Amino acid sequence: KAGVTQTPRYLIKTRGQQVTLSCSPISGHRSVSWYQQTPGQGLQFLFEYFSETQRNKGNFPGRFSGRQFSNSRSEMNVSTLELGDSALYLCASYTSGGSFETQYFGPGTRLLVL
Amino acid sequence: QKEVEQNSGPLSVPEGAIASLNCTYSDRGSQSFFWYRQYSGKSPELIMSIYSNGDKEDGRFTAQLNKASQYVSLLIRDSQPSDSATYLCAVRYSSASKIIFGSGTRLSIRP
Numbered sequence: 104k105a106g107v108t109q110t111p112r113y114l115i116k117t118r119g120q121q122v123t124l125s126c127s128p129i130s131g132h133r134s135v136s137w138y139q140q141t142p143g144q145g146l147q148f149l150f151e152y153f154s155e156t157q158r159n160k161g162n163f164p165g166r167f168s169g170r171q172f173s174n175s176r177s178e179m180n181v182s183t184l185e186l187g188d189s190a191l192y193l194c195a196s197y198t199s200g201g202s203f204e205t206q207y208f209g210p211g212t213r214l215l216v217l
Numbered sequence: 219q220k221e222v223e224q225n226s227g228p229l230s231v232p233e234g235a236i237a238s239l240n241c242t243y244s245d246r247g248s249q250s251f252f253w254y255r256q257y258s259g260k261s262p263e264l265i266m267s268i269y270s271n272g273d274k275e276d277g278r279f280t281a282q283l284n285k286a287s288q289y290v291s292l293l294i295r296d297s298q299p300s301d302s303a304t305y306l307c308a309v310r311y312s313s314a315s316k317i318i319f320g321s322g323t324r325l326s327i328r329p
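If you read the sequences in order, they're chains A and B.
Mapping of the first sequence onto this note's numbering: position 13 corresponds to residue 116, and the numbering continues sequentially without gaps.
Mapping of the second sequence onto this note's numbering: position 84 corresponds to residue 302, and the numbering continues sequentially without gaps.
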């Protein structure tokens with residue numbers, strides 16, 4: 104099976120711009136989560152989607168939004184970028200069944216805001 | 219208050235020894251527990267998941283869960299330099315809740 108894929112891998116933007124990141128989960132996985140990782144804050148949960156519905160949301164401002172499509176692919180959008188949004192954005196797809204569950208991460212999108 | 223706590227390290231262990239990584243969590247009803255390894259500049263990769271009290275072994279790795287004491291640990295036997303990485307503990311309360319990560323423990327295996 105192909106792993107989780109994220110595009111683009113690297114991105115440079117300037118303050119005030121907006122950005123859209125894409126994530127394709129592992130085939131058959133219906134849940135996608137997004138995380139922001141920075142050296143200072145570690146891995147912080149942004150949101151989780153399951154079957155096109157946002158199931159959980161982290162403590163991020165409304166500038167951060169996301170969606171999931173019927174094929175489970177997900178996008179996240181950050182509007183009005185700030186310098187502090189520079190981070191590695193990780194997407195993870197998740198599956199569970201009975202007592203089994205697992206979450207696999209994609210390679211991430213490294214965003215630099217200038 | 220952080221929900222998942224880990225010692226940030228660095229934890230330095232000689233090659234061939236046992237590395238012991240610990241994690242505590244605050245939500246007593248948590249059901250699923252995970253250990254991830256993250257090399258510098260890479261994304262986290264799942265090492266182990268554990269759901270029931272006791273030990274779970276996979277190769278050189280053993281996860282231990284004690285729900286009464288609210289801690290989960292990871293033992294790495296016969297530590298190798300390639301085990302040098304940051305180890306992230308993650309906890310999920312239920313199948314519909316978000317996964318919460320600890321801040322990670324940096325492990326260094328010295329030759």
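Cβ coordinates follow ideal geometry from the N, Cα and C atoms, glycine included.
Note that the structure is a prediction, hence the values are computed from the model and not measured.
Pick helix, strand or coil for residue i, following the three-state DSSP scheme.
{"i": "Ser173 of chain A", "result": "coil"}
{"i": "Asp188 of chain A", "result": "helix"}
{"i": "Tyr330 of chain B", "result": "For residue 330 of chain B there is no data in the structure shown, the boundaries of chain B being 219 and 329."}
{"i": "Tyr113 of chain A", "result": "strand"}
{"i": "Arg133 of chain A", "result": "coil"}
{"i": "Gly234 of chain B", "result": "coil"}
{"i": "Ser250 of chain B", "result": "strand"}
{"i": "Thr123 of chain A", "result": "strand"}
{"i": "Leu229 of chain B", "result": "strand"}
{"i": "Thr183 of chain A", "result": "coil"}
{"i": "Lys160 of chain A", "result": "strand"}
{"i": "Val222 of chain B", "result": "strand"}
{"i": "Val216 of chain A", "result": "strand"}
{"i": "Arg118 of chain A", "result": "coil"}
Mind pulling the chain B residues with CB within less than 9 Å of residue i?
{"i": "Thr141 of chain A", "result": "Simply none; closest approach about 11 Å."}
{"i": "Pro210 of chain A", "result": "Lys260 and Ser261"}
Could you name the residues of chain A that residue i contacts, counting a contact when the two beta carbons are closer than 7 Å?
{"i": "Gly322 of chain B", "result": "Gly145"}
{"i": "Ala314 of chain B", "result": "Arg158"}
{"i": "Leu306 of chain B", "result": "Leu146"}
{"i": "Ser230 of chain B", "result": "The contacting residues do not exist; Ser230 of chain B stays about 20 Å from chain A at best."}
{"i": "Ser300 of chain B", "result": "Chain A residues near Ser300 of chain B: none, gap ~19 Å exceeds 7 Å."}
Just the chain A side, please: which residues come within less than 8 Å of residue i by C-beta, in chain order?
{"i": "Leu292 of chain B", "result": "Chain A residues near Leu292 of chain B: none, gap ~16 Å exceeds 8 Å."}
{"i": "Ser250 of chain B", "result": "Glu204"}
{"i": "Ser297 of chain B", "result": "Within 8 Å Cβ-Cβ: nothing; Ser297 of chain B doesn't reach chain A, min ~24 Å."}
Grab me the residues of residue i's own chain with a C-beta within less than 7 Å of its C-beta, minus the 5 sequence neighbours each way, in chain order.
{"i": "Thr123 of chain A", "result": "Glu178 and Asn180"}
{"i": "Leu146 of chain A", "result": "Tyr138 and Gln140"}
{"i": "Pro329 of chain B", "result": "Glu233 and Pro299"}
{"i": "Ala235 of chain B", "result": "Ser297"}
{"i": "Lys160 of chain A", "result": "Phe150"}
{"i": "Gly272 of chain B", "result": "Leu283"}
{"i": "Arg246 of chain B", "result": "Gln288"}
{"i": "Ser321 of chain B", "result": "Gln224 and Ser226"}
{"i": "Phe163 of chain A", "result": "Leu149"}
Among residues of its own chain, excluding the 5 on either side of residue i, which ones have a beta-carbon nearer than 6 Å to its beta-carbon?
{"i": "Asn225 of chain B", "result": "Thr323"}
{"i": "Ser248 of chain B", "result": "Val309 and Tyr311"}
{"i": "Ser244 of chain B", "result": "Glu221"}
{"i": "Pro228 of chain B", "result": "Arg324 and Ser326"}
{"i": "Gln144 of chain A", "result": "none"}
{"i": "Asn240 of chain B", "result": "Ser291"}
{"i": "Ser238 of chain B", "result": "Leu293"}
What does a CB cutoff of less than 8 Å around residue i pick up in its chain, not counting 5 residues either side in sequence?
{"i": "Ser302 of chain B", "result": "Leu325, Ser326 and Ile327"}
{"i": "Ser182 of chain A", "result": "Gln121, Arg166 and Ser168"}
{"i": "Gln256 of chain B", "result": "Pro262, Glu263, Ala303, Thr304, Tyr305, Leu306 and Gly322"}
{"i": "Ser270 of chain B", "result": "Leu283"}
In chain B, which residues lie with their C-beta within 7 Å of the C-beta of residue i?
{"i": "Asn162 of chain A", "result": "The contacting residues do not exist; Asn162 of chain A stays about 11 Å from chain B at best."}
Report back the beta-carbon spacing between residue i and residue j to the nearest angstrom; my notes put them in contact at under 8 Å.
{"i": "Tyr197 of chain A", "j": "Ser134 of chain A", "result": "4 Å"}
{"i": "Ser127 of chain A", "j": "Val107 of chain A", "result": "7 Å"}
{"i": "Glu204 of chain A", "j": "Ser267 of chain B", "result": "7 Å"}
{"i": "Leu292 of chain B", "j": "Phe279 of chain B", "result": "7 Å"}
{"i": "Arg118 of chain A", "j": "Leu215 of chain A", "result": "The Cβ separation is near 11 Å, so there is no contact."}
{"i": "Ser175 of chain A", "j": "Ile317 of chain B", "result": "Incorrect: roughly 18 Å between the Cβ atoms, too far for contact."}
{"i": "Leu186 of chain A", "j": "Ile115 of chain A", "result": "In fact, because the Cβ distance is near 12 Å, the residues do not count as touching under 8 Å."}
Which bits of chain A does residue i rub up against, with CB to CB less than 9 Å?
{"i": "Leu264 of chain B", "result": "Thr205, Gln206, Tyr207 and Phe208"}
So with CB distances below 8 Å, who are the chain B contacts of residue i?
{"i": "Glu151 of chain A", "result": "Lys316"}
{"i": "Ser136 of chain A", "result": "Lys316 and Ile317"}
Unbroken stretches of the beta strand (DSSP E), 3 residues or longer, contained in the stretch 253-309 of chain B: 263-268, 272-276, 279-284 and 289-294
Can you give me, in chain order, the residues of the stretch 185-206 of chain A that have a beta carbon less than 7 Å from any beta carbon in chain D? Among the chains of the structure shown, chain D does not appear; the protein chains present are A and B.
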